[in-house]
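Taking it in order: structure first as structure tokens, then the write-up.
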Amino acid sequence: MRFAQYLPVVLAGVFCVTVLPVMTMVGAPLKEGGPRVIVAGPGVDLTNLVEVSGGWVVGVSRAPLAIMGTSDAEDFDMRLKLNGAWAILDGDALAWLCDVKT
Numbered sequence: 001m002r003f004a005q006y007l008p009v010v011l012a013g014v015f016c017v018t019v020l021p022v023m024t025m026v027g028a029p030l031k032e033g034g035p036r037v038i039v040a041g042p043g044v045d046l047t048n049l050v051e052v053s054g055g056w057v058v059g060v061s062r063a064p065l066a067i068m069g070t071s072d073a074e075d076f077d078m079r080l081k082l083n084g085a086w087a088i089l090d091g092d093a094l095a096w097l098c099d100v101k102t
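Start counting the sequence shown at 1; every next residue gets the next number (the UniProt record's numbering).
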């Protein structure tokens with residue numbers, strides 16, 4: 001019974017230690033020309049989305065709703081959004097979080 005009264009404090013601590021650093025890194029401004037993590041809805045052909053937007057896929061692993069891609073085109077991010085991307089995140093920041101060397 002005593003543990004239950006401390007549960008909100010414990011959960012808040014876990015949230016601060018785990019979620020906030022991830023949100024800070026993923027929410028970082030996008031660097032010009034760097035890799036992007038492209039998030040789209042279920043059923044979207046992610047490889048096609050990247051290629052139609054003028055880019056190419058980076059790496060071999062894919063998540064169900066995300067893929068990493070890059071492009072030399074200045075309007076790549078805008079094209080991704082127009083072609084159905086839900087979110088575009090900084091690929092370098094996410095690679096750093098996952099301890100992947102780019």
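Beta carbons: idealized from backbone N, C-alpha and C, even for Gly.
Since residue i sits in a beta bridge, which residues does DSSP pair it with?
i, result
"L89", "V37"
"V57", "G69"
"A63", "A66"
Quick check on this structure: which residue in the options has the alpha carbon closest to the alpha carbon of residue i?
i, options, result
"V57", "M78, P35, D75, A73", "P35"
"G54", "A85, T70, L7, D90", "T70"
"L49", "G59, M68, E32, G33", "M68"
"V52", "L82, R2, A63", "L82"
"L46", "C16, L80, T18", "L80"
"D92", "G59, A73, E74, P8", "G59"
"A63", "A73, G84, V44", "V44"
Ordered along the chain, which non-local residues of its own chain (more than five positions away) have a Cβ less than 6 angstroms from that of residue i?
i, result
"L65", "V39"
"Y6", "none"
Between which two residues does the alpha helix (DSSP H) containing residue i stretch?
i, result
"K81", "76-82"
"T44", "Note that residue 44 is Val in the sequence shown here, rather than Thr. That residue, V44, is in no alpha helix (DSSP H); it is neither H nor E in DSSP."
Taking 7 angstroms as the limit between beta carbons, can you name the residues of its chain near residue i, skipping five residues before and five after?
i, result
"W86", "V39, A40, G41"
Give the range of the beta strand (DSSP E) segment to which residue i is assigned.
i, result
"A66", "66-70"
Stretch-stretch touch, CB-based, cutoff 8 angstroms, three pairs: the region 4-21 with the region 40-53: The answer is no - the region 40-53 does not touch the region 4-21, with fewer than three Cβ pairs under 8 angstroms.
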